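Numbered by this note's numbering, the letters in the sequence shown go through residues 22 to 165 in order.
First comes the structure, then the notes that go with it.
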Amino acid sequence: RRREVELVSWLRKLSSILFTWKLCPMPSRVVKRCRKLTRESGRYKDELDIMKYICKDLWVTVYKKQIDNLRTNHQGVYVLHDNRFRFLSRMAAGKQYLQYAPRYLAFTCGLVRGCLANLGVTCVVTAEVTQLPACKFQIQVQRG
Numbered sequence: 022r023r024r025e026v027e028l029v030s031w032l033r034k035l036s037s038i039l040f041t042w043k044l045c046p047m048p049s050r051v052v053k054r055c056r057k058l059t060r061e062s063g064r065y066k067d068e069l070d071i072m073k074y075i076c077k078d079l080w081v082t083v084y085k086k087q088i089d090n091l092r093t094n095h096q097g098v099y100v101l102h103d104n105r106f107r108f109l110s111r112m113a114a115g116k117q118y119l120q121y122a123p124r125y126l127a128f129t130c131g132l133v134r135g136c137l138a139n140l141g142v143t144c145v146v147t148a149e150v151t152q153l154p155a156c157k158f159q160i161q162v163q164r165g
């Protein structure tokens, strides 16, 4: 019980630091990697191909694993499922911790949006957590 209390206290401090920092600008080495990975944007033939790149290459580079599932409605909405998201995997699984989880997804939303922008895809990226440590990232492509 004491360890849980310490963890919650630490998470609150960390989340306030992250929000003070506002996660922007992203650390330069992450930006450099993103630019390097997306430099060859001509090799992707369509939007779905680009999303597969995000799920495989980008995720492996940043999180050391691939996305577990990619879904699309073929109308510009893509949902990426990560069943064991690295930033959430060490959080306790109780429902009381769910309120803190979205704070740890903001960085990844920005990273995905930035990489897609480098590849010519304008989008809005949102994240959702219903059960720790799993999460979903929804990508809504802005067309026109």
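The beta-carbon is built from N, C-alpha and C at its ideal position, and this holds for glycine as well.
The model shown is predicted, which means the values in this text are computed figures rather than measured ones.
Item to check | Segment limits, beta strand (DSSP E) that includes Phe158 | outcome: Cys156 to Val162
Next on the checklist: What does the Cβ neighbour count give for Glu149, buried or exposed, with the cut at 16 atoms within 10 Å?
Outcome noted: exposed
Next on the checklist: So if DSSP puts Leu101 in a beta bridge, which residue, or which two residues, is it bridged to?
Outcome noted: Leu91 and Phe158
Checklist entry - From Gln152 to Leu119, what distance separates their C-alpha atoms? => result 7 Å
Checklist entry - Cα separation between Thr93 and Asn104? => result 17 Å
Item to check | In DSSP terms, what Val146 is bridged to | outcome: Ile160
Checklist entry - Got a sec? Which residues, its chain only, sit under 7 Å from Arg134 by beta carbon, not counting five neighbours each side? => result Cys144 and Val146
Checklist entry - So, are the CB atoms of Ile75 and Cys136 less than 9 Å apart? => result yes
Item to check | CA nearest to the CA of Gln87, picked from Leu101, Gly97 and Gln96 | outcome: Leu101
Item to check | Phe106 (DSSP reduced to helix, strand or coil) | outcome: coil
Checklist entry - Around the Cβ of Val142, are there at least 16 other Cβ atoms within 10 angstroms (buried) or fewer (exposed)? => result buried
Next on the checklist: Let me make sure I understand the geometry here. Which of Gln161, Gln163 and Lys57 has the alpha-carbon closest to that of Val83?
Outcome noted: Lys57
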